[in-house]
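*Asks:* Terminal number for the first sequence in my numbering: 371, no gaps in between. Shown below is the structure under consideration.
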Amino acid sequence: MTIVRLGYVAMSMELKNASPSQTMTFTQFQKIKDREAAIRKLEQISLSNLEHTLRLLKHNVFKEIHFYRLSSRLIPLANHEELPDWNYIKPLSEKLIEIGAYARKHNIRVDFHPDHFVVMNSPKTEVVKNSLKTLRLHYLLLKGMKIDPTHRCVLHVGGNYNETEKSLEQFVDNWMDVPRAIQKMIMLENDDTSFTVDDTLYLCEKLEIPLVFDYHHHLAHHYYEKWEDKWDRIVATWKDSPLPIKMHISSPKSEKEFRHHSDYVDVDMFFRYLKEIKGTVPEIHCMIEAKKKDEALFKLMEEIKHREDVEMIDGSSFYLK
DNA sequence: GGTCGTCAAGGGGTG
DNA sequence: CACCCCTTGACGACC
Numbered sequence: 051m052t053i054v055r056l057g058y059v060a061m062s063m064e065l066k067n068a069s070p071s072q073t074m075t076f077t078q079f080q081k082i083k084d085r086e087a088a089i090r091k092l093e094q095i096s097l098s099n100l101e102h103t104l105r106l107l108k109h110n111v112f113k114e115i116h117f118y119r120l121s122s123r124l125i126p127l128a129n130h131e132e133l134p135d136w137n138y139i140k141p142l143s144e145k146l147i148e149i150g151a152y153a154r155k156h157n158i159r160v161d162f163h164p165d166h167f168v169v170m171n172s173p174k175t176e177v178v179k180n181s182l183k184t185l186r187l188h189y190l191l192l193k194g195m196k197i198d199p200t201h202r203c204v205l206h207v208g209g210n211y212n213e214t215e216k217s218l219e220q221f222v223d224n225w226m227d228v229p230r231a232i233q234k235m236i237m238l239e240n241d242d243t244s245f246t247v248d249d250t251l252y253l254c255e256k257l258e259i260p261l262v263f264d265y266h267h268h269l270a271h272h273y274y275e276k277w278e279d280k281w282d283r284i285v286a287t288w289k290d291s292p293l294p295i296k297m298h299i300s301s302p303k304s305e306k307e308f309r310h311h312s313d314y315v316d317v318d319m320f321f322r323y324l325k326e327i328k329g330t331v332p333e334i335h336c337m338i339e340a341k342k343k344d345e346a347l348f349k350l351m352e353e354i355k356h357r358e359d360v361e362m363i364d365g366s367s368f369y370l371k
């Protein structure tokens with residue numbers, strides 16, 4: 051028997067006026083003559099993003115959802131090179147503590163997925179430096195929430211540069227210069243164009259990083275690999291983690307636009323996968339990456355609650371019998 | 001109140 | 001090497 055718990059990404063289709071990703075571009079920032087006023091505006095937006103995050107967590111509790119991906123755009127321009135003197139954490143510290151306390155109290159697993167401009171295997175030192183800056187932001191946010199940062203931040207391997215082996219070794223080289231505290235925060239995910247499960251496993255096993263299996267990416271980019279043969283090794287990358295194994299689940303938009311995320315998750319596709327892993331792990335958390343966000347989660351739960359091979363636990367989790 | 005262009009980033013792909 | 005596309009949500013301008 052396996053417990054399956056579902057989560058969703060960043061924003062809710064139900065909760066109105068609650069974007070955790072409001073922003074200000076550098077172009078807009080520069081148009082404000084008074085630099086101090088512009089920074090205060092950034093702080094206002096950030097605080098609003100955090101307040102919306104807290105509202106989303108409360109919405110999650112009401113809907114019995116215990117897995118949530120925080121927005122990686124909580125603080126606009128936090129890493130901008132023109133704002134090195136801005137202590138963006140300080141004015142937010144109270145709200146961060148409140149968010150962290152709420153998540154802990156209600157047992158909500160939170161994590162991050164910075165966008166694909168974080169490229170840890172880039173041959174360009176500037177790119178790696180900026181990537182580290184972004185990771186540091188994520189680390190400070192988690193620390194500010196008083197949440198253990200271990201395995202809270204999922205990344206792609208990075209660029210392939212038409213040389214898979216070389217680009218994997220570049221990752222290893224660059225990894226050696228990453229501070230230990232940041233290293234421990236990272237998980238790696240197989241992607242849909244550059245690095246297969248096999249490629250990603252190579253890094254995860256060598257560097258002791260948990261692998262987040264993305265089923266949709268695998269279907270889009272696997273050559274002749276069968277994920278089923280590697281499942282035990284994927285599970286093993288989580289053996290020292292304080293958190294249960296997690297994965298990503300989404301469905302192709304169409305045959306033609308296979309890589310794009312569909313509005314909802316195809317229940318048959320999901321269960322073809324679950325059938326294979328049943329009993330291999332006591333618990334698995336599945337992050338739903340669908341255009342319709344939490345609405346996709348609710349729809350999926352509606353579709354599976356009548357199945358004979360499941361027993362419902364709450365609004366977002368069930369036993370797989 | 002819809003629709004379109006803009007903003008940011010790095011990689012990927014084309015010519 | 002030049003160029004445009006990918007992706008994402010927000011947001012402003014426009015009718």
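Backbone N, C-alpha and C define an ideal beta-carbon position, used for all residues, glycine too.
1. What span of residues does the alpha helix (DSSP H) with His109 cover, start to end?
2. On the DSSP letters alone, give me the boundaries of the alpha helix (DSSP H) that Tyr189 sits inside.
3. Could you check whether Val204 and Asp242 sit closer than 8 Å to each other, using their CB atoms as the reference points?
4. Assuming Phe76 is part of the alpha helix (DSSP H), what are its boundary residues?
5. Express the C-alpha separation of Leu127 and Leu133 in angstroms, rounding to a whole number.
6. Would you please state the rounded distance, in angstroms, between the beta carbons of Tyr58 and Lys343? I believe it to be under 8 Å.
7. Relative to the C-alpha of Met319, which residue among His268, Phe221, Leu257, Tyr211 is closest?
8. Is the separation between the beta-carbon of Leu142 and that of Ser96 shorter than 8 Å?
9. Buried or exposed for Gln80, please, with buried defined as at least 16 other CB atoms from any protein chain shown within 10 angstroms of its CB.
10. Let's test the definition: count the other Cβ atoms within 10 Å of the Cβ of Val222 and tell me whether it reaches 16, buried, or not, exposed.
11. Using a 10 Å radius around the Cβ and a threshold of 16 neighbouring Cβ atoms, would you call Asp364 buried or exposed?
12. What three-state label does DSSP hand Leu251 in the structure shown?
13. Measuring alpha carbon to alpha carbon, tell me which of Lys140, Leu187, Thr77 ends up nearest Ser121.
14. Throw me the rounded Cβ distance for the Tyr265 and Met226 pair, which I believe falls under 8 Å.
15. Measuring from the CB of Leu127, is there a heavy atom of the ligand FMN at a distance below 7 Å?
16. Is the beta carbon of Thr287 sitting closer than 8 Å to the one on Leu261?
17. If you run the structure through DSSP and keep just helix, strand and coil, what is Pro141?
18. Do you know how far the Cα of Tyr211 is from the Cα of Ser217?
19. Here's the rule I'm using: 16 or more other beta-carbon atoms within 10 Å means buried, otherwise exposed. How should Asp15 be labelled?
20. So Arg119 is in the beta strand (DSSP E); what residue range does that whole segment cover?
21. What are the boundary residues of the alpha helix (DSSP H) that Asp316 is part of?
22. My output table needs one value for Val331: the three-state DSSP class, helix, strand or coil.
23. Going by DSSP, which residues form a beta bridge with Asp161?
24. Determine the burial state of Glu274: buried for a count of at least 16 other Cβ atoms within 10 Å of its Cβ, exposed for fewer.
25. Compute the Euclidean distance between the alpha carbons of Lys355 and Arg55, then round it to the nearest angstrom.
26. Which residues bound the beta strand (DSSP E) around Met297?
*Replies:* In this structure, then:
1. Translated into positions along the first sequence, residue 109 becomes position 59. Here the alpha helix (DSSP H) through His109 covers 85-112.
2. By one-based count along the first sequence, residue 189 stands at place 139. Here the alpha helix (DSSP H) through Tyr189 covers 175-194.
3. Residue numbering aside, residue 242 sits at position 192 when the first sequence is read from its first letter. Residue numbering aside, residue 204 sits at position 154 when the first sequence is read from its first letter. No. Outside cutoff.
4. The residue you call residue 76 lines up with position 26 of the first sequence. Its alpha helix (DSSP H) spans residues 76-81.
5. The residue you call residue 133 lines up with position 83 of the first sequence. The residue you call residue 127 lines up with position 77 of the first sequence. In a straight line, the C-alpha of Leu133 is about 8 Å away from that of Leu127.
6. In the first sequence, residue 58 corresponds to position 8, counting from 1. In the first sequence, residue 343 corresponds to position 293, counting from 1. At roughly 5 Å, the Cβ-Cβ gap stays under 8 Å, so Tyr58 and Lys343 are in contact.
7. The sequence position of residue 319 within the first sequence is 269, counting from 1. Met319 has its Cα closest to that of His268, out of His268, Phe221, Leu257, Tyr211.
8. By 1-based counting over the first sequence, the position of residue 142 is 92. By 1-based counting over the first sequence, the position of residue 96 is 46. Going by C-beta atoms, Leu142 is nearer than 8 Å to Ser96.
9. Taking the first sequence and counting its residues from 1, one reaches residue 80 at position 30. Flag for Gln80 reads exposed.
10. Counting from 1 along the first sequence, the entry for residue 222 is found at position 172. Exposed: under 16 other Cβ atoms inside 10 Å.
11. Position 314 of the first sequence, counted from the first residue, corresponds to residue 364. When all chains shown are included, Asp364 counts as exposed.
12. As a working note, residue 251 is residue 201 in the first sequence. Looking at Leu251 - three-state DSSP - the assignment turns out to be helix.
13. For the purposes of this step, residue 121 is identified with residue 71 of the first sequence, where counting begins at 1. Comparing Cα-Cα distances from Ser121 to each of Lys140, Leu187, Thr77, the minimum goes to Leu187.
14. For the purposes of this step, residue 265 is identified with residue 215 of the first sequence, where counting begins at 1. For the purposes of this step, residue 226 is identified with residue 176 of the first sequence, where counting begins at 1. Going by Cβ atoms, the distance from Tyr265 to Met226 rounds to 31 Å, so no, they are not a contact pair.
15. Within the structure as shown, the ligand FMN is missing, as the structure has no ligands at all.
16. For the purposes of this step, residue 287 is identified with residue 237 of the first sequence, where counting begins at 1. For the purposes of this step, residue 261 is identified with residue 211 of the first sequence, where counting begins at 1. Yes.
17. On the first sequence, position 91 is the one that residue 141 refers to. In this structure, Pro141 counts as helix in the three-state DSSP scheme.
18. Numbered from its first residue, the first sequence carries residue 217 at position 167. Numbered from its first residue, the first sequence carries residue 211 at position 161. Approximately 7 Å, taken between the alpha carbons.
19. This structure cannot settle anything about residue 15, because the visible part of the chain is limited to 51 through 371.
20. In the first sequence, counting from the first residue as 1, residue 119 sits at position 69. Counting along the chain, the beta strand (DSSP E) containing Arg119 begins and ends at 117-119.
21. The residue you call residue 316 lines up with position 266 of the first sequence. Segment: none, Asp316 is in no alpha helix (DSSP H) and carries neither H nor E.
22. By 1-based counting over the first sequence, the position of residue 331 is 281. The answer is coil: DSSP assigns Val331 none of H, G, I, E or B.
23. Numbered from its first residue, the first sequence carries residue 161 at position 111. Bridge partners of Asp161: Arg119.
24. By 1-based counting over the first sequence, the position of residue 274 is 224. The sequence shown places Tyr at residue 274, rather than the Glu named in the question. Around the CB of Tyr274, fewer than 16 other CB atoms lie within 10 Å, so the residue is classed as exposed.
25. On the first sequence, position 305 is the one that residue 355 refers to. On the first sequence, position 5 is the one that residue 55 refers to. So the two alpha carbons sit approximately 13 Å from each other.
26. For the purposes of this step, residue 297 is taken as residue 247 along the first sequence, with counting starting at 1. 295-299 is the span of the beta strand (DSSP E), which, as asked, contains Met297.
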